[in-house]
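Each remark here refers to the structure printed beneath this line.
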Amino acid sequence: MSEERFMDKIIEVCLRRGFVSPTAEIYGGAGGFYDYGPLGTLMRQKIIDLWRQSFVLDEDNIFEIAGSTMLPESVFKASGHLDSFDDPLIQCEKCKSMFKADDTIKRITGTSAEGLSLDELDKIIAENKIECPSCKGPLSKARDFNLMFKTEIGSTGGIKGYLRPETAQNIFINFKRLANFMRNKLPFGIAQMGSAFRNEISPRNFLIRGREFEQMEIEMFYDPAKENEHPRFQEVADIEINIVTREMQEKGWEKLLKITAEKAVDDGIIPNQYLAYYLAMETLLLKEFGIPEDDFWFRHMQDHEAPHYSAGNFDLEANLSIGHMEIIGNALRTDYDLQKHAKATNSAFEIVSPDGKKIVPHVCEPSLGVGRIFYTVLEKCYREDERGWSWFQFPPPIAPLEVAVFPLMKKDGLAELAQEIHNELKDAGYLSYYDESGKIGKRYARADEIGIPYCVTVDYDSLKEFSITIRDRDTMKQIKLPIEDLEIALGELMDEEAGFEEFTTGEK
RNA sequence: ACGCCAAUAGUCUAGCGGUAGGACUUCAGCCUUCCAAGCUGGAAACCCGGGUUCAAAUCCCGGUUGGCGUACCA
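In the working numbering, the protein residues as written are 141 to 648.
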C-alpha cells in the first residue's frame, strides 16, 4: 500500500468543502474535467481578478477580449496545430513505445508518408516489414491520435471545427481589427482569459493536467527592432527572478540563479525586455498568491521541449508534492502566427511605423494556467499544526471568504447583533459568512479550514460597550475594537496595509 | 494508450454470497461567557451494465473513474 499522497489531502478538502469536484460525477465522471464548487469559484475569480488588474487594467496599451472556444479547421491548418496535434501513431506491442507513423516510415524507407490514410500507412508498414525502432518488436496498426477535440459545424457538417487547444489563436486571427482598435501603434497587447481543450491521452494529477483548462494570456505585440524598449521595463528592472538556464540543466542544478530582470537581459540570459518584464510580473503575482519565492522558477526550455511556434520558452515551474510542474508558459512566438495567417488568407498582417516601415510585429506570450495556479495555491497555503485541524493560509486578497461573523452564543440577543454586523459587512462589500451553530471553537475551526482570514465575534461586551473581537486566522490572536471601527480595521487588514501585530501592540 | 491495483453516505473506512456497521461531517434540539470531536434525536452509501446463483456490495465479464509504472503532454 502506498502512503497517502499530499495531493490526496488537498483533493479531500476540495471535495468536502466545495472547492473542486469531478465533472458529471454522478454518472461516473469524465476524465480530465472538473467543476469549481462554491468556494472554488470565489477563489478562482479572485485569482483571475488579480491577474487582470496587474497584467491588463494597470496597463495603458493592453485590452482584453473574449473569443469563441470553437474555431473552424482553417485556423488550425494555418497555425500549424493540425500538423503537430493530429498524428497517426503506432505503438510497439512489446515495449509499448509510441511513434509517429509517418516519421517512422520516412526514416526506414526514405519516402514521405505525410497525409496518407491509416490503411495506407498500415500497408506500407506491412510491406516494408517495419518493426519497433527501439526494440524490434511488432507494431500495432496506425491510430489517429487527435489531441484536439473535433466536431462539425452546421447540420450538414460541411465545416470541420475544433475546440481551441490554446486561447491565443483568437487574438491572432482578429489581429487586423485589434491593431486598428489599438490605432496601429506598437507596442500593444491583447489579453484573453478562457478555456482551452486538449484531449490528453491520460489526464492525471487533478487540476494539473485536465482536458479542459483555463488560460490567462496576453499576446504582446512589439517591433522586433525595439525588443529592448519595453515602455515600463524600468518599473520591474530591480525585481529579482529565479532562473534555471539551459547550461544549469545540463550540469544538474541545485541552486537557482537569482538575478534582477535588468541584469538578466544585459547578460543575455533572458532574450529581451518583453519576456523579462513578464517574468518579473509573474514573480510578483505568484508571491501575492502566497507561493514562496523559492518554490518557483523560470526554466529555459530546451529546443526540443518548446512548442512548434516558439523561438524560446521560459516556463514557470513550481515545486509541488508531485514534482516540478509547469504552471505558466512564456513563449516568444516571434511573427510565426501572424505570418502563417497572413499567408493563408493572402493578406498582410503589418503595422506601419511612424517612419513608414512595414513591420510584422513579434509576440511575447505569457500564458498562465488558472487551474494549475489554483492548485499550487492550495498546496502552498495548506497548513497542519498543533491546533488539531488543517487550515489554509490564503493571503487575504485571494481568500474565498474574507470574514466570518459569530455570536459567542446564540441567545441573549447576541445572534441578532452578529447577524446585523454580518449584513453591514456584506453591504460594505465584504465576502462575509455568518455561523451560529454549535460551539465557538468549532466555528473557528470551520473557518480556518477554508482559509477565512478573520473572524469577528460578538460577545456580552458587545451588548454592554459596543465592542467586537477580531480573531486572526494565522496567529489565533484576538483584538477588541469598538464596533464602529470594524470596517476600517478590516479594510486595512484585508488590503494588507496593516498587520495584525500592529493592532495587538496597540499601534493602531 | 498499455500493464498492475482499486472503487461502500459529504469525507474516511468495516464487511467480501443471505437485514450494510462505525467514525467524522451535516441537520434539529439541549449544553456552552472564546478555539473542533459533551448529550439526545434525525438525514445520508454498496460506480455503471451484463452474467452466474434460490440469493451478488461480495464471484465472473465489459465499461467508467482514480492511483502507480511505462508512454504521451505540440
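Each residue gets a CB set at the ideal place from its N, CA and C atoms; glycine is no exception.
Spatial neighbours of Ile561 in its own chain (CB-CB distance under 6 angstroms, excluding positions within 5 residues in sequence) are listed in chain order as Val545. Ile187 and Tyr414 have their C-alpha atoms spaced approximately 23 angstroms apart. Comparing alpha carbon positions, the residue from Pro305, Ile205 and Phe346 closest to Thr163 is Phe346. Leaving aside the five residues that flank Glu490 on each side, the residues in its chain whose CB is nearer than 7 angstroms to its CB run, in chain order, Lys498, Ile499 and Val500. Annotation: Gln332 to Lys300 spans about 24 angstroms, alpha carbon to alpha carbon. For the beta strand (DSSP E) assignment, the uninterrupted runs of no fewer than 3 residues enclosed by the stretch 468-554 are, from N- to C-terminal side, 502-509, 522-524, 530-532 and 543-547.
Residue environment: Tyr600 is assigned as exposed (fewer than 16 neighbouring CB atoms within 10 Å of its CB, all protein chains considered). Ranked by Cα distance from Val503, the options Ala458, Asn382 and Pro364 are led by Pro364. Taken in chain order, the unbroken stretches of beta strand (DSSP E) that lie wholly in the stretch 376-454 and span 3 residues or more are 380-384, 397-400 and 436-440. Here the stretch 315-331 lies against the stretch 200-209, with 3 or more beta-carbon pairs under 8 angstroms apart. In this structure, Phe225 sits away from Leu303, with a CB-CB distance that is not shorter than 7 angstroms. By the neighbour-count definition (other C-beta atoms within 10 Å, threshold 16), Ser507 is a buried residue.
Using a 10 angstroms sphere on the CB of Gly591, the tally of other CB atoms reaches 16 or more, which defines it as buried. CA-CA distance, Met388 to His370, rounds to 28 angstroms.
In this structure, DSSP gives Ser219 a helical state, which the three-state scheme calls helix. For Tyr176, the closest of Ile580, Glu352, Asn412 and Phe312 by C-alpha to C-alpha distance is Glu352.
According to the DSSP assignment, Ile610 belongs to the beta strand (DSSP E) that extends over Ser607 to Asp612. Residue burial annotation: Gln309 is buried, with at least 16 other C-beta atoms found within 10 angstroms of its C-beta. Residue pairing by DSSP puts Arg349 in a beta bridge opposite Arg344. Excluding its 5 nearest sequence neighbours in each direction, Arg613 has C-beta neighbours in its own chain below 8 angstroms: Trp531, Gln533, Ala587, Asp588, Gly591, Ile592, Pro593, Tyr594 and Cys595, listed in chain order. Straight-line measurement puts the Cα of Ala539 at about 23 angstroms from the Cα of Met465.
Annotation: Leu197 is outside any alpha helix (DSSP H) and is labelled neither H nor E by DSSP.
Looking only at Gly581, Leu633 and Gly172, the smallest Cα-Cα distance to Pro343 is reached by Gly172. For Tyr570, no alpha helix (DSSP H) run applies, since DSSP gives it neither H nor E.
Per the coordinates, the alpha-carbon of Val517 lies some 9 angstroms from the alpha-carbon of Leu426.
If you look at Ile619, you'll find it in the beta strand (DSSP E) that goes Gln618 to Pro622.
Scanning its chain for C-beta atoms nearer than 8 angstroms, with the 5 sequence neighbours on each side dropped, one finds around Ser572 the residues Leu541, Glu542, Val543, Ala544, Val545, His562, Leu565 and Lys566, in chain order. Rounded to the nearest whole angstrom, the C-alpha separation of Lys551 and Ile379 is 54 angstroms. In this structure, Ala218 sits away from His440, with a CB-CB distance that is not shorter than 7 angstroms. In this structure Tyr167 is exposed. Its beta-carbon is surrounded by fewer than 16 other beta-carbon atoms within 10 angstroms. A check of alpha carbon separations from Glu556 across Thr244, Asn339, Trp437 and Ser602 identifies Ser602 as the nearest. Take Met183, set aside five residues on each side of it, and the residues of its chain with a beta-carbon closer than 8 angstroms to its own are Phe159, Phe514, Val517, Phe534, Ile538, Ala539 and Pro540, in chain order.
Remark: C-beta atoms of Leu472 and Gly496 do not approach each other more closely than 7 angstroms. Following the DSSP letters along the chain, one finds Gly334 inside the beta strand (DSSP E) bounded by residues Phe328 to Phe337. By the Cβ-count criterion, Thr423 is buried, with 16 or more other Cβ atoms from all chains shown falling within 10 Å of its own Cβ. Per DSSP, the beta bridge partners of Cys595 are Ala544 and Arg611.
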